[in-house]
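Novice: Pasting a structure below so you can have a look.
Residue numbers (our numbering): 755 to 878.
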């Protein structure tokens with residue numbers, strides 16, 4: 755118990771600010787609502803919608819990293835900012851490759867039905 759009693763004295767906890775957390779939440783909710791409305795109303799074509807939603811997601815990520823975590827390009831936060839900048843593309847790449855893999859899984863592993871494999875009575 756004594757080991758955890760000083761958690762509030764940690765520098766990162768001391769750096770936290772209620773105003774930043776509220777502002778970060780408001781900005782992120784606003785960006786996600788904008789993305790939802792663009793998607794629901796079909797306001798753009800497919801590529802335009804993809805670019806707009808990706809841009810809004812990037813803005814939400816930047817708002818979270820700046821307001822929640824206090825990341826910036828200052829000397830004190832340089833290592834954390836670079837770590838985040840190098841980790842995010844790996845995360846996006848891994849999610850993208852997983853989606854692509856499952857999207858094409860059926861085409862890669864299933865055999866096409868042969869002429870005698872389909873029972874004509876099932877088609878009626």
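All C-beta atoms in this analysis are idealised placements derived from N, C-alpha and C, irrespective of residue type, glycine included.
In terms of alpha-carbon separation, which member of 861, 833, 779 and 856 lies closest to residue 816?
Specialist: Position 62 of the chain shown, counting from 1, holds the residue named residue 816. The option with the nearest alpha carbon to residue 816 is 779.
Novice: Confirm, please, whether the CB-CB distance from residue 806 to residue 782 is below 8 angstroms.
Specialist: Position 28 of the chain shown, counted from the start, is the residue given in the question as residue 782. Position 52 of the chain shown, counted from the start, is the residue given in the question as residue 806. Not in contact: residue 782 and residue 806 (Cβ atoms no closer than 8 angstroms).
Novice: Between residue 840 and residue 831, is the Cβ-Cβ spacing less than 8 angstroms?
Specialist: Here residue 840 corresponds to residue number 86 of the chain shown, with the count starting at 1. Here residue 831 corresponds to residue number 77 of the chain shown, with the count starting at 1. Contact flag unset, no.
Novice: Taking a contact to mean a Cβ-Cβ separation below 8 angstroms, would you say residue 798 touches residue 792 in this structure?
Specialist: As a first step, residue 798 is located in the chain shown; it is residue number 44 there, counting from the start. As a first step, residue 792 is located in the chain shown; it is residue number 38 there, counting from the start. Closer than 8 angstroms, so yes.
Novice: Considering residue 815, what are the terminal residues of the alpha helix (DSSP H) in which it resides?
Specialist: Taking the chain shown and counting its residues from 1, the one referred to as residue 815 is at position 61. Element bounds for residue 815: 800 to 821.
Novice: Between the alpha carbons of residue 775 and residue 822, how many angstroms are there, rounded?
Specialist: On the chain shown, residue 775 is found 21 positions in, with the first residue counted as 1. On the chain shown, residue 822 is found 68 positions in, with the first residue counted as 1. Distance between the alpha carbons of residue 775 and residue 822: 6 angstroms.
Novice: If we call anything under 8 angstroms between Cβ atoms a contact, is residue 810 one with residue 788?
Specialist: As a working mapping, residue 810 is identified with position 56 in the chain shown. As a working mapping, residue 788 is identified with position 34 in the chain shown. In this structure, residue 788 lies closer than 8 angstroms to residue 810 by Cβ.
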